[in-house]
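Last residue of the sequence shown? That's 254 in numbering that gives the first Met the number 0, and every number before it is there in order.
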Amino acid sequence: MGVYEVFERITTAFPDVLFESCSGGGGRFDLGMLYFSPQAWTSDNTDALSRLKIQWGTSLWAPASTMGAHVSTTPNHQTLRSATMKTRSLVAMCGTFGYELDPRPLSRTELAEMAAYVRLCRKLAHLVHSGDLYRLWDPFVSTSAAWMYVLEGGLEAMVVAVNLSREVGRLLPHLRMQGLDPTTTYAVEELVPGNVTRNPETGAINTDGADVYQLGAKMTLSGVTLMEAGLPVRFLFDGDSVLFHLYPHTKQCAR
């Protein structure tokens, strides 16, 4: 109660300041704290794959707009695990999104990639913060995590799927969507292609200079097909990820 009293005084004195509380410092990520600080640092563990479980669990009671989520350095400072900028960014987009790293050592190419993800986050933030959340693959019981955000009436959606660990040769079940309008035909656009391919003769993973899409840059499928049959998502390596943007095919993609 003393903490609440202090926050009451501070937020009353500075009503235009957004204060962030922390799940680490005092372990106070709860509804009482959200009254005073409508954003909380979800965990000091910023490893993207660890964050799949952290943010999944937090989403059971807290909306994405309250979950502090940042892109940090790789290898991660706590787990020494490496993850692509793509995967780190997609996971952070499912929270408040930000960067927690020193940009000075980064190349021009890496800085341009970061800027592109900032633009992408701004484009999709309305889905994360205003859409209904549907959990598709549970990382606590699966080797992958997937969820989607859908605007009311199924007018627009985004889907994020990330692989935790991949057993070579094993196929994933189809990723079945939820919350869509079964009678609507959707454009399904993969917004962030990868850059690796698998050699069919040796099985080796090679970097490819061209854009590599899971299923093609854009598809057109009905809502009932997406929910009943789903998409055959393919992951090539631990930490691989994919982002789909769904909207009625007669509507132009917002850019």
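All residues carry an ideal CB built from backbone N, CA and C; glycine is no exception.
Model, not experiment: these values are computed from the prediction.
Per-residue DSSP class, three states only, for residue i
i, result
"GLY64", "At residue 64 the sequence reads Ser, which differs from the Gly that was named. SER64 falls in the helix class under three-state DSSP."
"LEU163", "coil"
"VAL70", "strand"
"MET0", "coil"
"TYR212", "coil"
"MET157", "strand"
"LEU79", "coil"
"ARG8", "helix"
"ARG233", "coil"
"ARG103", "coil"
"ARG50", "helix"
"CYS252", "Caution is warranted here: a pLDDT of 47 is assigned to CYS252, below 50, making its placement in the model unreliable, and no coordinate value can be reported."
Enclosing alpha helix (DSSP H) for residue i [first to last residue]
i, result
"MET113", "107-129"
"LEU242", "First-last for LEU242: 240-247, but that is the beta strand (DSSP E), not the alpha helix (DSSP H)."
"ALA203", "Segment: none, ALA203 is in no alpha helix (DSSP H) and carries neither H nor E."
"SER88", "84-92"
"MET147", "Note, MET147: premise wrong, no alpha helix (DSSP H); beta strand (DSSP E) at 143-149."
"GLY168", "Neither: GLY168 is in no alpha helix (DSSP H) and is coded neither H nor E."
"PHE35", "30-35"
Per DSSP, the bridge partner or partners of residue i
i, result
"THR219", "ALA186"
"ARG175", "DSSP, once it has assigned bridges, lists no residue as partnering ARG175."
"TRP55", "None; TRP55 has no bridge partner."
Start and end residues, beta strand (DSSP E) containing residue i
i, result
"SER20", "19-21"
"THR196", "193-197"
"ALA39", "38-40"
Whether residue i touches residue j by CB criterion (8 angstroms)
i, j, result
"MET147", "GLN177", "yes"
"ALA47", "SER22", "no"
"SER164", "LEU150", "no"
"GLU189", "PHE243", "yes"
"ALA68", "GLY26", "no"
"VAL161", "LEU51", "yes"
"TYR98", "VAL127", "no"
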